[in-house]
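Quick note, the sequences are listed as chains H and W, same order.
Its first residue numbered 4, the first sequence is counted upward by one per residue in my numbering.
Its first residue numbered 22, the second sequence is counted upward by one per residue in my numbering.
All residues carry an ideal CB built from backbone N, CA and C; glycine is no exception.
A quick note: this is a predicted structure, and the numbers were derived from the prediction, not measured.
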Amino acid sequence: MNEATSIAAARGAACRALLNRVHAIQRSDGITAASLQQIKGLLVELASHGTSLFPDEDFAMPEAQGRNHMLDPAADDGLGLYLTISLPGKEAAPHDHGIWCINAGLSGKEVQRFYHRTDDGKRAGFATVEQIAETLVEPGTAIAMADHDIHSTLVVGDRPARALALYGYALNRFPAVVFFHPQFKTCRTLPSKRQAAHA
Amino acid sequence: MTFKVRIGNTGQTIDCARDRTILTAAVLAGIDIPYGCGTGNCATCLCEIKSGEVELLPHGDGALSQRQKAAGLTLACRAEPRSNVEIVWLGQPLAS
Numbered sequence: 004m005n006e007a008t009s010i011a012a013a014r015g016a017a018c019r020a021l022l023n024r025v026h027a028i029q030r031s032d033g034i035t036a037a038s039l040q041q042i043k044g045l046l047v048e049l050a051s052h053g054t055s056l057f058p059d060e061d062f063a064m065p066e067a068q069g070r071n072h073m074l075d076p077a078a079d080d081g082l083g084l085y086l087t088i089s090l091p092g093k094e095a096a097p098h099d100h101g102i103w104c105i106n107a108g109l110s111g112k113e114v115q116r117f118y119h120r121t122d123d124g125k126r127a128g129f130a131t132v133e134q135i136a137e138t139l140v141e142p143g144t145a146i147a148m149a150d151h152d153i154h155s156t157l158v159v160g161d162r163p164a165r166a167l168a169l170y171g172y173a174l175n176r177f178p179a180v181v182f183f184h185p186q187f188k189t190c191r192t193l194p195s196k197r198q199a200a201h202a
Numbered sequence: 022m023t024f025k026v027r028i029g030n031t032g033q034t035i036d037c038a039r040d041r042t043i044l045t046a047a048v049l050a051g052i053d054i055p056y057g058c059g060t061g062n063c064a065t066c067l068c069e070i071k072s073g074e075v076e077l078l079p080h081g082d083g084a085l086s087q088r089q090k091a092a093g094l095t096l097a098c099r100a101e102p103r104s105n106v107e108i109v110w111l112g113q114p115l116a117s
C-alpha cells in the first residue's frame with residue numbers, strides 16, 4: 004500500500020468512525036442543542052488531523068470558487084459528510100437549508116453570520132431578517148446549526164477556506180432551501196431535492 | 022461609472038453601476054427577473070449575454086461551468102457590467 008492509498012484508507016476509516024458515532028448519538032439522544040454540540044466536538048477532532056488525513060492533493064480545487072467533495076461515498080439518507088473548498092470572496096446569502104449542519108475549519112477563514120426572521124412569514128416572497136451573531140470558522144473552530152437556523156457565509160482573507168461539513172442529509176437529498184435577501188426584503192425557495200432523490 | 026443594461030425578456034433598459042450586479046439593478050428597477058440564492062450558487066438567474074462585457078464575482082462550480090461561460094452565459098447575481106450590456110434570462114421564477 005503506497006502512502007496515498009494509506010492516507011485514503013485512514014481517512015475513510017476515520018470518516019466512517021465519525022459517522023457511526025453520530026448515528027449512535029442520534030439514536031440515543033436525537034438531534035438537540037446538546038447533541039449538536041457533542042457532534043461538533045467530534046467534527047473538530049476529525050478536522051484537527053488537518054493535512055495528515057486531508058492533504059491538499061487529494062481534493063481538487065474549484066474550477067470557479069466553490070466545490071464540495073463527498074467524504075462518504077456510501078452515505079445513505081441519514082448524513083452527508085463533505086470537505087468543502089471555497090476561494091476568497093465566495094459567499095452565500097442568508098439561507099435556511101432546513102436541516103441541521105456542522106462546519107469545522109481545516110484551513111483559511113470563513114465568516115458565518117446568523118439571523119432570525121423578523122416578519123410573520125405570511126406574505127409570499129416577502130421576508131425581513133436581522134443579524135443576531137457572527138463567528139469566524141478557522142482551524143480549531145466550528146459552528147453548529149439546528150434544522151431551520153438561518154446563516155450566511157463569506158470567505159475572508161487571501162487563502163482558500165477548507166472545512167469539513169456534516170449535514171443531516173446528503174446535499175443531493177436536501178429539503179427546500181430558502182434564501183433571504185435583506186437588500187430586497189424578499190425570500191426565494193429553491194425546490195426540495197428529496198422527492199427526486201427518492202423517485 | 023454607470024452602464025446601460027438592456028433586459029431582452031422585457032425590453033427594458035436600466036442603469037447599472039459597475040460595482041452593482043445586474044440582478045440587484047434589475048430587482049431595484051422593479052423587473053421580475055428570476056433569482057434564487059443571489060450569491061452564485063443556484064443558477065436560477067442564468068442569463069445569456071447578447072452583447073457587452075461583464076465581470077463575474079465569485080460563484081460556485083455547480084452554478085456556472087467554464088463551458089457555459091465560454092458559450093456566453095452568465096449569472097445575473099454575480100455579473101457586474103463593464104460596458105453597456107444586453108442580457109436575456111433563461112431561468113424560471115421560483116416559488117416564493
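ask   = Which partner residues of H/L1 appear in the DSSP bridge assignment?
value = What the structure shows of chain H is the stretch from 4 to 202, and residue 1 of chain H is not part of that stretch, so it cannot be assessed.
query = Cα-Cα, which of H/S55, H/P97, H/L109 is closest to H/Q115?
reply = Numbered from its first residue, the first sequence carries residue 115 of chain H at position 112. Among H/S55, H/P97, H/L109, the Cα nearest to that of H/Q115 is on H/P97.
query = What number of angstroms, rounded off, separates the C-alpha of H/V132 from the C-alpha of W/N62?
reply = To locate residue 132 of chain H, count along the first sequence from 1; it is residue 129. To locate residue 62 of chain W, count along the second sequence from 1; it is residue 41. Rounded to whole angstroms, H/V132 to W/N62 spans 20 Å at the Cα level.
ask   = For the candidate residues W/L78, W/D40, W/A46, whose alpha-carbon lies nearest to that of W/I108?
value = As a first step, residue 108 of chain W must be located in the second sequence, where it is residue number 87. It is W/A46 whose Cα lies nearest to the Cα of W/I108.
ask   = With respect to the beta strand (DSSP E) encompassing H/R70, which residues constitute its N-terminal and C-terminal limits?
value = Counted from its first residue, the first sequence places residue 70 of chain H at position 67. First-last of the beta strand (DSSP E) with H/R70: 69 to 73.
task = Report the residue from H/L90, H/T121, H/S155, H/A95 whose alpha carbon sits nearest the alpha carbon of H/D161.
result = The count along the first sequence starts at 1 and reaches residue 161 of chain H at position 158. For H/D161, the nearest C-alpha among the options comes from H/L90.
query = Where does W/I52 sit, in a helix, a strand or coil, going by DSSP?
reply = Start at 1 with the first residue of the second sequence, and residue 52 of chain W comes out as number 31. Reduced to three states, the DSSP call for W/I52 is coil.
ask   = CB-CB under 6 Å to H/L157, same chain, minus the five flanking residues each way: which ones, in chain order?
value = In the first sequence, residue 157 of chain H corresponds to position 154, counting from 1. Counting only Cβ-Cβ distances below 6 Å, and skipping sequence neighbours, we find E94, V114.
query = W/C37 CB to nearest chain H CB: under 8 Å?
reply = Residue 37 of chain W sits at position 16 when you count from the first residue of the second sequence. No, W/C37 does not count as interfacial toward chain H.
query = Helix, strand or coil for H/H154 per DSSP?
reply = The count along the first sequence starts at 1 and reaches residue 154 of chain H at position 151. The answer is strand: DSSP assigns H/H154 an E or B state.
request  = Would you decide whether H/G92 is buried or exposed? Buried here means 16 or more other CB atoms lie within 10 Å of its CB.
outcome  = Here residue 92 of chain H is taken as the residue at index 89 of the first sequence, counted from 1. Within 10 angstroms of the beta-carbon of H/G92 lie fewer than 16 other beta-carbons, which makes it exposed.
query = Does DSSP classify H/K188 as helix, strand or coil?
reply = The residue you call residue 188 of chain H lines up with position 185 of the first sequence. Note: H/K188 maps to coil in three-state DSSP.
key: W/Q113 - DSSP class collapsed to helix/strand/coil   = Locating residue 113 of chain W in the second sequence gives position 92, counting from the first residue. If DSSP states are grouped into helix, strand and coil, W/Q113 belongs with coil.
task = Going by CA-CA distance only, name the one from H/S9, H/P163, H/A13, H/L22 that's closest to H/L169.
result = Residue numbering aside, residue 169 of chain H sits at position 166 when the first sequence is read from its first letter. It is H/L22 whose Cα lies nearest to the Cα of H/L169.
request  = Measure the CB-CB distance between H/A11 and H/G83 and report whether it falls below 8 Å.
outcome  = The residue you call residue 11 of chain H lines up with position 8 of the first sequence. The residue you call residue 83 of chain H lines up with position 80 of the first sequence. Result no, Cβ atoms of H/A11 and H/G83 do not sit closer than 8 Å.
ask   = Taking C-beta to C-beta, are W/S72 and W/V106 nearer than 8 Å?
value = For the purposes of this step, residue 72 of chain W is identified with residue 51 of the second sequence, where counting begins at 1. For the purposes of this step, residue 106 of chain W is identified with residue 85 of the second sequence, where counting begins at 1. Yes, they are a contact pair.
query = So is W/G93 buried or exposed if we call it buried at 16+ other beta carbons inside 10 Å?
reply = Within the second sequence, the letter at position 72 stands for residue 93 of chain W. Taking every protein chain shown into account, the CB of W/G93 has fewer than 16 other CB atoms within 10 angstroms, so this residue is exposed.
task = Compare the C-beta of H/R191 against all C-beta atoms of chain W and say whether one is closer than 8 Å.
result = In the first sequence, the residue the question calls residue 191 of chain H occupies position 188. Cβ-Cβ to chain W under 8 Å: yes for H/R191.
request  = Compute the Euclidean distance between the alpha carbons of H/F183 and H/G101, then round it to the nearest angstrom.
outcome  = Looking up residue 183 of chain H in the first sequence gives position 180. Looking up residue 101 of chain H in the first sequence gives position 98. Near 13 Å, if we compare the C-alpha coordinates of H/G101 and H/F183.
inquiry  = Report the start-end ranges of each beta strand (DSSP E) in the segment 88 to 146 of chain H that is 3 residues or longer and not cut off at the edges.
reply    = 94 to 99, 104 to 110, 112 to 120, 132 to 140
key: Below-8 Å beta-carbon distance, H/Q68 vs any chain W residue   = Residue numbering aside, residue 68 of chain H sits at position 65 when the first sequence is read from its first letter. Yes, contact with chain W.
task = Ignore the nearest five residues each way along the sequence and tell me which others in H/L193's own chain have a CB closer than 6 Å to its CB.
result = As a working mapping, residue 193 of chain H is identified with position 190 in the first sequence. Counting only Cβ-Cβ distances below 6 Å, and skipping sequence neighbours, we find V180.
key: Secondary structure of W/E101, DSSP reduced to three states   = Here residue 101 of chain W refers to the residue found at position 80 of the second sequence. Strand.
request  = To the nearest angstrom, report how far apart W/P55 and W/Q113 are at their CA atoms.
outcome  = Position 34 of the second sequence holds residue 55 of chain W. Position 92 of the second sequence holds residue 113 of chain W. Computed Cα separation, rounded: 6 Å.
Proximity test, Cβ basis, 8 Å: H/L86 and chain W = Counting from one through the first sequence, the residue named residue 86 of chain H turns up at place 83. Closer than 8 Å: no.
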